[in-house]
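For reference, the structure is listed below as structure tokens.
Number of protein chains: 2
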Amino acid sequence: MSTAEEMAGGDPQPWAEVTPDAARRLLVAAVEAFAERGYHATTTRDIAGRAGMSPAALYIHYKTKEELLHRISRIGHEKALEILRTAARREGSATERLTDAVSSFVRWHAGGRTTARVVQYELDSLGPDARAEILALRRLVDAEVRGIIEEGAASGEFDVLDVRGTTLAVLSLCIDVARWFNVDGPRTPEEVGALYADLVLRMVGAKSGAAQK
Amino acid sequence: MSTAEEMAGGDPQPWAEVTPDAARRLLVAAVEAFAERGYHATTTRDIAGRAGMSPAALYIHYKTKEELLHRISRIGHEKALEILRTAARREGSATERLTDAVSSFVRWHAGGRTTARVVQYELDSLGPDARAEILALRRLVDAEVRGIIEEGAASGEFDVLDVRGTTLAVLSLCIDVARWFNVDGPRTPEEVGALYADLVLRMVGAKSGAAQK
DNA sequence: GAGCACGCTAAGCGAGCGCTCACCTTCGGC
DNA sequence: GCCGAAGGTGAGCGCTCGCTTAGCGTGCTC
């Protein structure tokens, strides 16, 4: 929730839907800790400490440590899905919508890298029920991107041999940004978003010459 | 070291450089356990149990649990680097060498997903010294791929705006295969390798019409 | 065939884990 | 001004963790 995240395209009012205030502070602390050290290497004492509370306070708002991860993961996936839906359902050609989808999705992963890391890489730490729920959200994410690519391919705007495989690769490329992106590195989230949108248009064989912007 | 990994393009004699036999069995058990549950969620008792030994046996061959991860990571990165070097330094055009590099690199990540997962995703679990050593290997990996792309761009074979950014994206795409690839899924490592080689050629704007194979 | 290095085990240590419990504040309603 | 609910704390329980230590069997050496 620090300034870096907000400046870099993150939500200006992140986790606003989490109430009361103490529960939100704990959740934000958990996001930071999970992103830094991973779920299993994070202790409940660490989370409570970051939120300025005693270890016991965590259990007033959350039943277990896993429930914290579950809540983070669900809210994060819903946010990711919303970003892609907005891009997929706006006006414009498949090329424009794919550009919008990739650049905004990448901006979210780069700018909110802390959150995105937890959302994308701690899925296996959830129990079976929670994981199944999150996997359903991921299928919706996949469907949004696949929809754009299918439409572009059907209209002749794109040139794609394997729609499912290409969709997988596009999402994979975007998601992996959360692994390598460095806030102190040479690229801003906006730059990476623009670069990746161009690369993805090339991958789908979009007709417009994105090669020479 | 199971059949699936060997059939799918993995090393037929994996971890042969690790001796004595008991040390290799422990290391193979650790790879499996780390890949399944992650480093921090894996106990030394679990590793020893998989290798058919008592927990104490681990400490005869390795000083700590982290030394196991360090050894796995270094051997894995050396193997990955060797794969890319072989492709980068063979005869042929930049297009041919990039195709070779991507398809073999992807085959390794898909076929040896167990190993690749540990190698690519447990880097943060290492201590500062070990992590620095591994990061040096990763820079060599990056340099091999960047070299091919630079040569293709210089000769006019490729059309690339941002060589460093494109290199990053290509490697990112390949590495993320270890996250999503499923041995029981619909695609073989060879199919993913071929698909990804085609997508990467599109990303670098290779002149040859890979779009219509 | 005695001596011994080596590989391994059974038992367990100190520490830190997730989580609980008894109790303490604060504060709005009447 | 009293009261109960809501939200917090300090202490600590039971457990499992990474790792150690004392001792045992086995096979090689001479």
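Respectively, the protein sequence lines represent chains A and B. Heads up, this note's numbering is the position in the first sequence plus 240, with the first residue counted as 1. Heads up, this note's numbering is the position in the second sequence plus 240, with the first residue counted as 1. Beta carbons are placed, not taken as given, at the ideal position from N, Cα and C, and that holds for glycine. Just so it is clear, the structure is predicted and the values come from calculations on it, not from any experiment.
- A direct Cα-Cα distance of roughly 38 Å separates threonine 406 of chain B from arginine 265 of chain A.
- From the listed residues A/Val359, A/Gly292, A/Arg329 and A/Asp286, the smallest Cα separation to leucine 309 of chain A is found for A/Val359.
- In this structure, the straight-line span from the alpha carbon of glycine 289 of chain A to that of glutamate 272 of chain B is close to 34 Å.
- B/Ala418 is the residue among B/Tyr299, B/Ala269 and B/Ala418 whose C-alpha sits nearest the C-alpha of phenylalanine 345 of chain B.
- Note on proline 254 of chain B: 16 or more other CB atoms within 10 angstroms of its CB, so buried under the neighbour-count rule.
- Residues Ala288 of the same chain have their beta carbon placed closer than 8 Å to that of serine 294 of chain A, with the five preceding and five following residues left out of the count.
- Scanning chain B for C-beta atoms nearer than 7 Å to the C-beta of arginine 285 of chain A yields nothing, as the closest lies near 16 Å away.
- Per DSSP, reduced to three states, the secondary structure at proline 254 of chain B is coil, with no helix or strand assignment.
- By the criterion of a C-beta distance shorter than 6 Å, alanine 350 of chain B is surrounded in its chain by Val417, Phe421, Pro429 and Val432, once the five residues flanking it on both sides are discounted.
- Nearest to tryptophan 348 of chain A by alpha-carbon distance, out of A/Ile323, A/Ala383 and A/Ile388, is A/Ile323.
- Counting along the chain, leucine 308 of chain B sits inside the alpha helix (DSSP H) bounded by residues 305–328.
- In this structure, the alpha-carbon of histidine 280 of chain A lies about 36 Å from that of leucine 439 of chain B.
- Contact between alanine 320 of chain A and alanine 328 of chain A is ruled out by a C-beta separation of about 12 Å, above the 8 Å threshold.
- Of all residues in the segment 424–448 of chain A, the ones placed with a Cβ closer than 9 Å to any Cβ belonging to chain B are Pro426, Arg427, Glu431, Val432, Leu435, Tyr436, Asp438, Leu439, Val440, Arg442, Met443, Val444 and Gly445, in chain order.
- Residue A/Leu375 holds the alpha-carbon nearest to the alpha-carbon of arginine 314 of chain A among A/Tyr299, A/Leu375 and A/Glu397.
- At a cut-off of 8 Å between beta carbons, alanine 409 of chain B contacts chain A.
- Using beta-carbon distances, leucine 324 of chain B does not count as an interface residue toward chain A, since no partner is under 8 Å.
- Under the three-state reduction of DSSP output, aspartate 369 of chain A falls in the helix class.
- In this structure, serine 412 of chain B keeps its C-beta atom at 8 Å or more from the C-beta atom of alanine 334 of chain B.
- For the C-beta of isoleucine 415 of chain B, the chain A residues within less than 9 Å are, from N- to C-terminus, Asp416, Arg419 and Trp420.
- Around the beta carbon of glutamate 397 of chain A, a 10 Å sphere encloses 16 or more other beta carbons of the protein chains shown; the residue is thus reported as buried.
- Within chain B, the C-beta atoms nearer than 7 Å to that of aspartate 402 of chain A come from Leu435, in chain order.
- Relative to the Cα of aspartate 364 of chain A, the nearest Cα in the group B/Ala256, B/Phe274 and B/Leu441 belongs to B/Phe274.
- DSSP places glycine 387 of chain B within a helical segment (H, G or I) once states are collapsed to three.
- The beta carbon of valine 400 of chain A sits closer than 7 Å to the beta carbons of Ile389, Ala393, Thr406, Val444 and Gly445 from its chain, once the five residues preceding and following it are set aside; these are given in chain order.
- Contact of glycine 405 of chain B with chain A is assigned, a C-beta pair being separated by under 8 Å.
- Boundaries of the alpha helix (DSSP H) around aspartate 261 of chain A: 261–277.
- Contact check for leucine 435 of chain B against aspartate 402 of chain A passes: the beta carbons are separated by less than 8 Å.
- Here DSSP, grouped into helix, strand and coil, assigns glutamate 397 of chain B to coil.
- Distance check between threonine 355 of chain B and each of B/Glu318, B/Thr326 and B/Ala291 places B/Glu318 closest, using alpha-carbon atoms only.
- Closer than 7 Å at the C-beta level to chain A, one finds these residues of the segment 263–285 of chain B: Gly278, His280 and Ala281.
- With contacts defined by Cβ atoms closer than 8 Å, arginine 404 of chain B and arginine 442 of chain A do not form a contacting pair.
- Looking at the backbone, the Cα of threonine 284 of chain A and that of arginine 277 of chain A are separated by about 13 Å.
- Pairing glutamate 306 of chain B with leucine 366 of chain B gives a Cβ-Cβ distance under 8 Å.
- Residues of chain B whose Cβ lies closer than 9 Å to the Cβ of serine 412 of chain A are, in chain order, Ser412, Leu413, Asp416, Val417, Arg419 and Trp420.
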